[in-house]
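J.: Sharing a structure below in structure tokens format, with a few things to ask.
Protein chains in written order, with the working numbering: chain A, 803 to 964; chain B, 803 to 964.
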């Protein structure tokens, strides 16, 4: 079971764009440069976040992406689902309906208990990610980052946005 | 993000072997027949469950697999981890250390907040699966199954085990 590597990229881009704020934007190439990831692959994930209403693209010179809503209103789960989809990790093939104990479909009135349990676990996973917003992550980044790293990041951003 | 289809197979086999009990066993071919799944693939998952101490194999004619411990002592998480591994779905590539704000490794004293959050979500998922045993699933199967399906399953088992 593996999430797309794009989940890490998309979350970091969301946090960086949170710092950029609503009055500026960053193009894909700059977001790729900042995170040291390939632009062509990143573009696909940014487009998915845009389709999901997390990012919006600003046209024209100096255009790029910005958050479509305040960072406090965007949950980590939204970013994860935009990039990795909403499907549960457990795909039930209903094998209980096969073999010598198989019965007509109408007799399976209760959902498979294994399937129900896996759905509960999936929901617990999503609930953890629903509780945290991009703004929360921004706060944790500021609290945890090396002061010199923050300074370098801020200088890069001033350079790029001017 | 997808779990191996073997997770569903392994859990159903664990439940069926719980009903078979400690004094009998079922060979791979019978477990495959009962669940309508390919024996060669199922064999791989049963071996993984055996290596994990969930199943034990009984040698000789009439041999096969049985649960290595009482069904109440085997959690769903154990079966899931035996088949799908213990790795978190989120693989952190530490991209925060790249690009223009990169700093020497010693300055990253706090774990990446994204990584920590994804680990918490992963643990919430595992905790749901740790709370439920194969014996719990057996009870839910009996409570939810069609009476005729149970009867057919019991008849098959008597036939196969005699």
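Even for Gly, the Cβ is constructed at its ideal location relative to N, Cα and C. Because the structure is a prediction, the values reported are computed rather than measured.
1) Strictly under 7 Å for the Cβ-Cβ distance: is residue 856 of chain A near chain B by that measure?
2) From residue 952 of chain A to residue 838 of chain B, what does the alpha carbon distance come to, in whole angstroms?
3) By the 10 Å Cβ neighbour count, where 16 or more other Cβ atoms means buried, how is residue 816 of chain A classified, buried or exposed?
4) Does the beta-carbon of residue 831 of chain A have 16 or more other beta-carbons within 10 angstroms, so that it is buried, or is it exposed?
5) Classify residue 944 of chain A: buried if its beta carbon has 16 or more other beta carbons within 10 angstroms, exposed otherwise.
6) Which residue or residues does DSSP assign as beta-bridge partners of residue 868 of chain B?
7) Can you confirm whether residue 885 of chain A, when its beta carbon is compared against all beta carbons of chain B, has any partner nearer than 7 Å?
8) Considering just the uninterrupted stretch of the alpha helix (DSSP H) at residue 846 of chain A, what are its terminal residues?
9) Pull up the distance between the alpha-carbon of residue 924 of chain A and that of residue 900 of chain A, whole angstroms please.
10) From the beta carbon of residue 915 of chain B, is the nearest beta carbon of chain A less than 7 Å away?
11) For residue 851 of chain B, which residues in the same chain have their Cβ closer than 6 Å to its Cβ, ignoring the five residues on either side in sequence?
12) With 16 as the cutoff for other CB atoms within 10 Å, does residue 956 of chain A come out buried or exposed?
13) Going along the chain, which residues of the stretch 812–833 of chain B sit with their C-beta nearer than 9 Å to a C-beta in chain A?
14) Within 10 angstroms of the Cβ of residue 929 of chain A, are there 16 or more other Cβ atoms? Answer buried if so, exposed if not.
15) So residue 963 of chain B packs on residue 879 of chain B, CB below 8 Å; how close in whole Å?
16) Nearest to residue 941 of chain B by CA position, among B:873, B:897 and B:891, is which residue?
17) Where does residue 898 of chain B land, buried or exposed, given buried means 16+ other C-beta within 10 angstroms?
18) For residue 900 of chain A, return the contacting residues in chain B, with the cut-off set at a CB-CB distance below 9 Å.
19) According to the neighbour-count rule (16 or more other Cβ atoms, all chains shown, within 10 Å of its Cβ), is residue 875 of chain B buried or exposed?
20) Mind checking whether residue 818 of chain A and residue 868 of chain A have CB atoms under 7 Å apart?
21) Is DSSP giving residue 805 of chain B helix, strand or coil here?
22) Can you tell me whether residue 886 of chain B is buried or exposed? The criterion is at least 16 other CB atoms within 10 Å of its CB, across all chains shown.
T.: For this structure:
1) Answer no: the Cβ-Cβ gap between residue 856 of chain A and chain B never drops below 7 Å.
2) 57 Å
3) buried
4) exposed
5) exposed
6) In the DSSP output, where bridge partners are listed per residue, residue 868 of chain B has B:858.
7) no
8) 841–853
9) C-alpha separation (whole angstroms): 25 Å.
10) yes
11) 812, 857 and 884
12) exposed
13) 813, 814 and 817
14) Classification for residue 929 of chain A: exposed.
15) With a Cβ gap of about 29 Å, residue 963 of chain B and residue 879 of chain B do not count as contacting.
16) B:873
17) buried
18) Those within 9 Å of residue 900 of chain A in chain B are 836, 837, 838 and 839.
19) exposed
20) no
21) coil
22) buried
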